[in-house]
Amino acid sequence: MAGLPGKGEGGAKVNFPDTAEDNSIKRKRYLTARYDKRTRRKLQEKISLEGFIFEELRKIYQTENDDFDCELDIDILLSMNDDERRSYIKERLINSPSSEEVQTAFINTIVDRLRNLALAKEVRSQPP
Numbered sequence: 001m002a003g004l005p006g007k008g009e010g011g012a013k014v015n016f017p018d019t020a021e022d023n024s025i026k027r028k029r030y031l032t033a034r035y036d037k038r039t040r041r042k043l044q045e046k047i048s049l050e051g052f053i054f055e056e057l058r059k060i061y062q063t064e065n066d067d068f069d070c071e072l073d074i075d076i077l078l079s080m081n082d083d084e085r086r087s088y089i090k091e092r093l094i095n096s097p098s099s100e101e102v103q104t105a106f107i108n109t110i111v112d113r114l115r116n117l118a119l120a121k122e123v124r125s126q127p128p
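Quick note on UniProt numbering: the sequence shown kicks off at 1 and runs consecutively.
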C-alpha cells in the first residue's frame, strides 16, 4: 500500500482550517442604529439633563461617587405635571444630608429644565 496517497510518508495531506482561526479572519461587524436629527437632539438633551442631575446629586449628597440613594427617572418625570415632579423628587431626597434650601433649589431647577424639555418636545412634534 505504499503507492496510495495519504498513506505513509510521501502522501498528500488534507488540512482543514481550525474554526478559531476562521472566526478571526472574518470582519468584525457592529450593529449601529441610525436616528433622525430630531430623535438625536432629544436623546442628547435627555443625556445632558441626566448628567446635570448626577452632578447635582453628588453635591446634594456630598460625595464624589454615585453612591447616593436617589434614583430619578427622567421618563417618569416627563410624564408628570410640575407638582407631581416636585413631590416625586422630594420623596427621593429624603435621606439627603443637604439643607432644605439646597434641595428646593435643586428641585426647582430640575422642574424648570424638565418643563423646557417637554415644551421643546411638543414644539418639535407639531406639524409646520
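Glycine included, each C-beta is placed from N, C-alpha and C at the ideal position. Bear in mind that the values here come from a model prediction, so they are computed numbers and not experimental data.
CB contact flag (residue i, residue j, <8 angstroms)
i, j, result
"Phe54", "Asp67", "no"
"Asp82", "Val102", "no"
"Ile60", "Ser87", "no"
Assigned secondary structure, residue i (DSSP; H/G/I helix, E/B strand, else coil)
i, result
"Ile60", "helix"
"Lys13", "coil"
"Ala33", "coil"
"Glu100", "helix"
"Ile89", "helix"
"Leu72", "coil"
"Asp112", "helix"
"Ile47", "helix"
"Asp83", "helix"
"Ile94", "coil"
Residue of the options minimising C-alpha distance to residue i
i, options, result
"Leu78", "Thr63, Gln62 and Glu45", "Glu45"
"Glu84", "Phe52, Arg115, Tyr61 and Lys42", "Arg115"
"Asp75", "Ala12, Leu117 and Arg92", "Leu117"
"Ile94", "Lys37, Leu72, Lys42 and Arg34", "Leu72"
Whole-angstrom C-beta distance between residue j and residue i, which should lie under 8 angstroms
i, j, result
"Leu49", "Cys70", "Not quite, the Cβ-Cβ distance comes to about 15 angstroms (not below 8 angstroms), so this is no contact."
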